[in-house]
Amino acid sequence: MDLDKSEYNQSINDNSQENDSEITRLQARLSKSEEDLATLRTENERLKKVQTDYVDICKENDKLKTQLENEKNNKQTSHSEVFADDKAQQLKELRKILSTLRSDKEKLTNKFTESEKNLEKTLDENKKLKDKISATSKNLDNYSAIQNENKVQLKQFEDKLKEKSYNQLVTDIKVKNGEISEFQNKSNELEEIIQLQKKNDEYFKEINDLKNLLLRKEKEKQELMEKNINLKKEASQYQSALGSITNYRMNDNDKNHSVQLKKDIEELQYKLKNYVTTLKGDFEIDFKAVNDLMEKYNIKTKVTPKEPNKPLVKAVLQHHIIKTITKDIRKYFKQNLNEDSIMHLEKEIATKAKDLENKLADFSNTRNGTDTITQAASIKIRQEVNIALGNRGFSDYLSGEDYVQHIYIMFKKSDLNREMNKYRKIKDDTKKKYVEKLAEDLIREFIRIIQFRLKVQEPSARVRWVEIGSSIDPSIMEGNWDKDDIDNLEVEICSFPMIGRDLDEVAKRKIYTHAQVFTKRKKYPSYNEGFSIWSSQKIKEKLEPESGDDVSD
């Protein structure tokens, strides 16, 4: 309450000071206006005097004009000419003075008019200032009355405060203390609310973090699902690849499928027969050379111009051609050739692939594990390498910008043609060129099929010759014979070997081409030669053992 009283007194003092300042300012302005008014009054009096003087001068001027006119009218002769001149001169000066006075009058009139306007303006301002001073004085009186009234109310208020009992003051203090306590409680509640708000913000932040984490986890989940799908696809591809790796069979449309391979072998047999020729017409046999050749292969039959036995000669020549090609290619692969030359890539690839195949087989057999890929690796390497060699082996090779004939084919076709010309001569040059040209394709296709493509099979296909003197077995042989006469026939020469898989196991073997044989009648021993000889012929091995010149190794 003391504070309210002080504030009230301070407010009254402030208003009183402001009113005193305003009155002082108005009084100063009023004094200045009164000074200006006095100045204007003085100036006005001076102007009035000037105006009076001007009127007097004008009257004097009029008087002089009248006098001059009278003098002219009277034309008094008594006046001398000099007097007239003086009057004229005097009149001239008066006119000049009159002109000056008129000019001064005009200026004074203008100045007087302006002074009157300023006077009126000053009087108006003076009146306004007086009114304002009067109003201010009135307000000051009102303010003094209000101030007195406030002082009375203040005294009444102080008296009233004094009249309040101590108990009332205590009650008020308790109320105020209650309000203070309530305010403190509210302050505590507000603090709790602030703390709750902070916790709420923290929870919101945590929720947002969890949402972001959930989004990240969801994204990771999607990525993992996609990765899982890709892994499944990859696993499927691996499974497919694994199936492909562990599947050694060829597709039906693959050239190395057993059916297509059989057709290609039959085509090779056809080319071989064409190269040997029919030995008729323009073809002449050198019987001595042929007999020497047959003796080399332990064939007892002799041929003569009278008994040429051309089917036998053709069979022997076919046998000799295959043996020659086989021997040459085996020798070529065993030679230490320059491995950096592109002409010997076939030899280098086949040799290293064989070495890798054997090492992988040893690795699979000597290392612990149950996977099928390791077991299949050596087989797949053998197959893939021989597929490539079977497709392009001994083809023309790139020399500079042109492809030229493989040097091995170039040399061996010439050697084979010279060898064959020992046993049969071709009289017609055109036919000779045609036949000798067949040597190139015959050698290349024989090597591709026998040396490479047979190894694509699983297990590798083998080449086996039927021994001379073997009994006829239609299950592995083909030739010209009467079914009822088979027991009386034996093999005189095998013109083309048997080709197949697992040939030594009757139950498992698969024959691609039967052995092509030329037969002769058996010569039975006499009874006196004993049963033992007969028995030894009956159990004689039908197939030649695999020898060093067998290209299937």
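Every letter in the sequence shown is one number past the one before it in UniProt numbering, and letter 440, counting from 1, is 440.
Just so you know, even glycine gets a beta-carbon here, dropped at the ideal spot from N, CA and C.
One alpha carbon belongs to residue 159, the other to residue 138, and they sit about 31 Å apart. For residue 269, the closest alpha carbon among the candidates 216, 281, 523 and 478 is that of 478.
Residue 447 is positioned such that its CB atom lies closer than 7 Å to that of residue 394.
For residue 351, the uninterrupted alpha helix (DSSP H) segment begins and ends at 345-366.
Distance from the Cα of residue 391 is smallest, within the candidate group 355, 254, 92 and 216, for 254. Where residue 500 is concerned, there is no enclosing alpha helix (DSSP H), although the beta strand (DSSP E) around it starts and stops at 498-501. Per the coordinates, the alpha-carbon of residue 70 lies some 15 Å from the alpha-carbon of residue 60. In this structure, 329 is the residue among 353, 329 and 88 with its C-alpha nearest to the C-alpha of residue 451.
Ranking 428, 406 and 426 by CA distance to the CA of residue 444 puts 406 first.
Cβ-Cβ separation between residue 129 and residue 41: approximately 17 Å, too far for a contact (criterion under 8 Å). Residue 411 sits in a helix when the DSSP states are folded into three classes. A Cβ-Cβ separation of about 5 Å places residue 544 in contact with residue 467 under the 8 Å criterion.
Taking C-alpha positions only, residue 285 is separated from residue 517 by approximately 21 Å.
The beta carbon of residue 496 lies closer than 6 Å to those of 269 and 516 in the same chain, with the five residues before and after it left out. Comparing C-alpha distances from residue 476 to each of 511, 257 and 492 shows the shortest one belongs to 511. Assignment of residue 490 by DSSP, reduced to helix, strand and coil, places it in the strand class. Beta bridge pairing from DSSP links residue 464 with 498.
Taking C-alpha positions only, residue 410 is separated from residue 377 by approximately 36 Å.
Secondary structure note for residue 388: its alpha helix (DSSP H) is the uninterrupted segment 372-392.
Around residue 114, the same chain offers no residue with a beta carbon nearer than 6 Å, after the five sequence neighbours per side are excluded. A direct Cα-Cα distance of roughly 14 Å separates residue 421 from residue 434. Of the other Cβ atoms in all chains shown, fewer than 16 fall within 10 Å of the Cβ of residue 181; this residue is therefore exposed.
In this structure residue 203 is exposed. Its beta-carbon is surrounded by fewer than 16 other beta-carbon atoms within 10 angstroms. Of all C-beta pairs linking the segment 480-496 to the segment 293-304, three or more are shorter than 8 Å, placing the two stretches in contact.
Residue 413 counts as buried, since no fewer than 16 other beta carbons sit within 10 angstroms of its beta carbon. Residue 445 sits in a helix when the DSSP states are folded into three classes.
DSSP, read as helix, strand or coil, puts residue 216 in helix. In the DSSP assignment, residue 399 is bridged to 402. With 16 or more other Cβ atoms from the protein chains shown falling within 10 Å of its own Cβ, residue 498 counts as buried. In this structure, DSSP gives residue 263 a helical state, which the three-state scheme calls helix. In the structure shown, residue 507 adopts coil according to DSSP, grouped into three states.
Straight-line measurement puts the Cα of residue 315 at about 17 Å from the Cα of residue 267.
Between the C-alpha atoms of residue 396 and residue 403 there is a straight-line separation of about 6 Å. Membership of residue 519 in the beta strand (DSSP E) is indicated by the continuous run 515-521.
In this structure, residue 387 and residue 356 do not form a Cβ contact; the two beta carbons are roughly 15 Å apart against a cut-off of 8 Å. Take the alpha-carbon of residue 400 and the one of residue 230: they are about 47 Å apart.
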